[in-house]
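Asker: Residue 109 in the UniProt record's numbering is what sits at position 109 of the sequence shown, and the numbering runs on without skipping anything. Here a beta-carbon is modelled for each residue, glycine too, at the ideal position from N, C-alpha and C. Take this structure, written in structure tokens, and hold onto it; I'll ask about it next.
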Amino acid sequence: MTLRYVGFSDRVLAAAAAGFTGIGLGAVDYLDARRSEFSEEQLADYVARHGLRVVELEFLTDWWREADVRGVRLEEDLLFYLADLLGVPQINVGLFADVPLEVQKQQFRRLCRRAADHDVKVALEFMPYSSLRNLAQARELVSHADTGNAGLMLDAWHWHRSGGTLEELRTLSATEVLAVQLCDASATPAEDLREEGRHHRLLPGGGVVDLHGFLGALSEIGVNLPLAVEVLSDELDARNPVEVAMLAARSVEQLLAARAAA
Numbered sequence: 001m002t003l004r005y006v007g008f009s010d011r012v013l014a015a016a017a018a019g020f021t022g023i024g025l026g027a028v029d030y031l032d033a034r035r036s037e038f039s040e041e042q043l044a045d046y047v048a049r050h051g052l053r054v055v056e057l058e059f060l061t062d063w064w065r066e067a068d069v070r071g072v073r074l075e076e077d078l079l080f081y082l083a084d085l086l087g088v089p090q091i092n093v094g095l096f097a098d099v100p101l102e103v104q105k106q107q108f109r110r111l112c113r114r115a116a117d118h119d120v121k122v123a124l125e126f127m128p129y130s131s132l133r134n135l136a137q138a139r140e141l142v143s144h145a146d147t148g149n150a151g152l153m154l155d156a157w158h159w160h161r162s163g164g165t166l167e168e169l170r171t172l173s174a175t176e177v178l179a180v181q182l183c184d185a186s187a188t189p190a191e192d193l194r195e196e197g198r199h200h201r202l203l204p205g206g207g208v209v210d211l212h213g214f215l216g217a218l219s220e221i222g223v224n225l226p227l228a229v230e231v232l233s234d235e236l237d238a239r240n241p242v243e244v245a246m247l248a249a250r251s252v253e254q255l256l257a258a259r260a261a262a
């Protein structure tokens with residue numbers, strides 16, 4: 001999502017130029033690539049030829065609906081199709097609709113069981129402006145799924161703005177965490193957190209989120225995962241994608257170097 005408006009081929013080129021080893025894709029990226037005359041066979045080859053792999057698919061939010069609603073499974077079906085086509089191990093999901101807890105539990109378990117049939121994990125993300133507002137709510141839903149392939153997406157911005165604490169992170173087990181996304185936030189929250197979260201995030205190290213503590217707590221519990229950078233920013237959207245990818249990569253390299261030197 002750091003390069004959310006960048007087409008498939010340009011995203012691959014930018015990520016490779018900046019030294020990333022993986023990218024995420026969504027259904028719209030697949031459609032963009034097909035419109036750009038990539039065949040399905042060429043998709044995986046193009047990614048691999050640039051030293052990358054597709055590590056996650058996102059972002060599914062309508063998994064809670066009943067199957068008889070027209071078109072409800074279209075995006076879900078496409079993401080699982082892509083997972084099979086490209087060998088992607090993970091789909092990221094969230095929840096914005098006001099859905100009764102029992103429906104959440106039933107449908108999330110259904111989704112995870114379907115994912116297991118494709119050898120795919122499901123990373124559930126909480127957001128302070130969504131129906132899953134904090135870590136505790138997301139953790140409960142993951143626990144109830146009890147399918148062995150569900151876990152948490154920990155996004156530093158969402159964790160910080162939801163009032164998350166390092167102590168809370170330390171109560172997790174490493175197996176509960178499937179993915180980690182780095183970004184930063186300004187000192188003063190916006191009145192509309194959704195607006196801020198989607199348009200005004202900062203590069204890691206550019207704000208007040210305790211990223212050293214965040215990564216330290218995850219390391220303490222044994223989390224050892226690839227790190228993703230997710231900086232949704234109107235300012236970055238207006239810049240050259242290669243420049244943005246390089247800024248994102250350097251920000252994380254500097255963060256990790258500072259942690260190592262501490």
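(1) In the DSSP assignment, what residue or residues form a beta bridge with A245?
(2) Using the C-alpha atoms, what's the distance from E37 back to F126?
(3) Is the beta carbon of F5 less than 9 angstroms from the beta carbon of D237?
(4) Looking at L85: is its Cβ nearer than 9 angstroms to the Cβ of A44?
(5) Taking the alpha carbon of E58 as the reference point, which residue from R73, R65, D29, Y46 has its own alpha carbon closest?
(6) Of all the options A179, T147, S131, which has the alpha carbon lying nearest to the alpha carbon of M153?
(7) Buried or exposed: P189, going by 16 or more other Cβ atoms within 10 Å of its Cβ?
(8) Between A18 and the ligand GDP, is there a pair consisting of the residue's CB and a ligand heavy atom that are separated by less than 8 angstroms?
(9) Excluding sequence positions up to five away, which residues of its chain have a Cβ less than 8 angstroms from the Cβ of F80?
(10) For the region 101-115 and the region 169-183, state whether three or more C-beta atom pairs, one from each stretch, are separated by less than 8 angstroms.
(11) Beta-carbon within less than 6 angstroms of V242's beta-carbon, same chain only, minus the 5 sequence neighbours each way: which residues are those?
(12) Count the CB pairs spanning the region 243-257 and the region 195-204 that are closer than 8 angstroms, and state whether there are at least three.
(13) Could you pull the start and end residues of the beta strand (DSSP E) that E58 belongs to?
(14) Distance check for V55 and P89, CA to CA, integer angstroms please.
(15) By DSSP's criteria, A123 is part of a beta bridge. Which residues make up the other side?
Answerer: Looking at the coordinates:
(1) Paired residues: none, contrary to the question.
(2) 36 angstroms
(3) Strictly speaking, residue 5 in this sequence is Tyr, with Phe absent from that position. Yes, Cβ-Cβ distance for Y5 and D237 is below 9 angstroms.
(4) yes
(5) D29
(6) A179
(7) exposed
(8) As presented, the structure is devoid of all ligands, the ligand GDP included, so that no description of it is given.
(9) I91, R114, A115, H118, V120
(10) no
(11) A14, A17
(12) yes
(13) 53-60
(14) 6 angstroms
(15) N92, G151
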